[in-house]
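The structure under discussion appears below in the form of structure tokens.
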Amino acid sequence: MSLSSITVSETKGIAKENTLSLGNIEYLDTTRLNGGKAKLVSGKKDVDFRDIIVLWDGSNAGKIYYGFSGILGSTLKVFKLKDDINSEYVFYYLKSKQNLILHKFRTPNIPHVSKDFSQRFNLPIPDKEKQNLIANILHLNELQINLINKKLRS
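Mapped onto numbering that gives the first Met the number 0, the consecutive letters of the sequence shown carry residue numbers 0 to 153.
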């Protein structure tokens, strides 16, 4: 099943931090998505926590993010999924195919994700119960890995 067939909408970010005034909504750019400090701006929130975010332009175009809410920066694209799809399951599937996305779905010269990515990228969609189970297992594994890494750093 293609990503576009389980998507309600795809929106490319247009906000640029230097054009926004201070406010109370998080500005989502690659700095923030990669663990940087939150910048609060004013504007219309266009990303919710269950949305899939893809870095659309730049040297790391194709990188996948999830679990953020705010105003989308101009180098990103958000995928809002249908209600009957577990977005965390889709996130983990996309993340598991990160290298494929980076090598097959990007333009060769100035890196950006190809426009037809969501139509060409296929993924298995099991029934909702299996989606939930897979997402829960992978989420718990990720928590355990983070906990182990934190212990190793201390």
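Yeah, the Cβ is synthetic: ideal placement off N, Cα and C, and Gly gets one too.
Beta bridge counterpart(s) of residue i as assigned by DSSP
{"i": "Lys79", "result": "Ser8"}
{"i": "Asn121", "result": "Ser1"}
{"i": "Tyr65", "result": "Ile51"}
Sub-8 Å separation of residue i and residue j beta-carbons
{"i": "Glu87", "j": "Tyr64", "result": "no"}
{"i": "Asp45", "j": "Ile70", "result": "yes"}
{"i": "Glu16", "j": "Lys38", "result": "yes"}
{"i": "His111", "j": "Trp55", "result": "yes"}
{"i": "Gly12", "j": "Gly72", "result": "yes"}
{"i": "Val40", "j": "Lys76", "result": "no"}
{"i": "Ser1", "j": "Gln118", "result": "yes"}
{"i": "Phe48", "j": "Ser20", "result": "no"}
{"i": "Arg105", "j": "Ala134", "result": "no"}
{"i": "Leu32", "j": "Tyr91", "result": "no"}
Which of helix, strand or coil DSSP assigns to residue i
{"i": "Asn23", "result": "strand"}
{"i": "Ile84", "result": "coil"}
{"i": "Ile51", "result": "strand"}
{"i": "Ser153", "result": "coil"}
{"i": "Ile70", "result": "strand"}
{"i": "Ala37", "result": "coil"}
Beta-carbon separation (whole angstroms), residue i vs residue j, contact threshold 8 Å
{"i": "Lys79", "j": "Val7", "result": "5 Å"}
{"i": "Ile5", "j": "Ile124", "result": "6 Å"}
{"i": "Ile51", "j": "Leu93", "result": "7 Å"}
Which full runs of the alpha helix (DSSP H) of 4+ residues lie inside the segment 97 to 146, going along the chain?
97 to 103, 116 to 119
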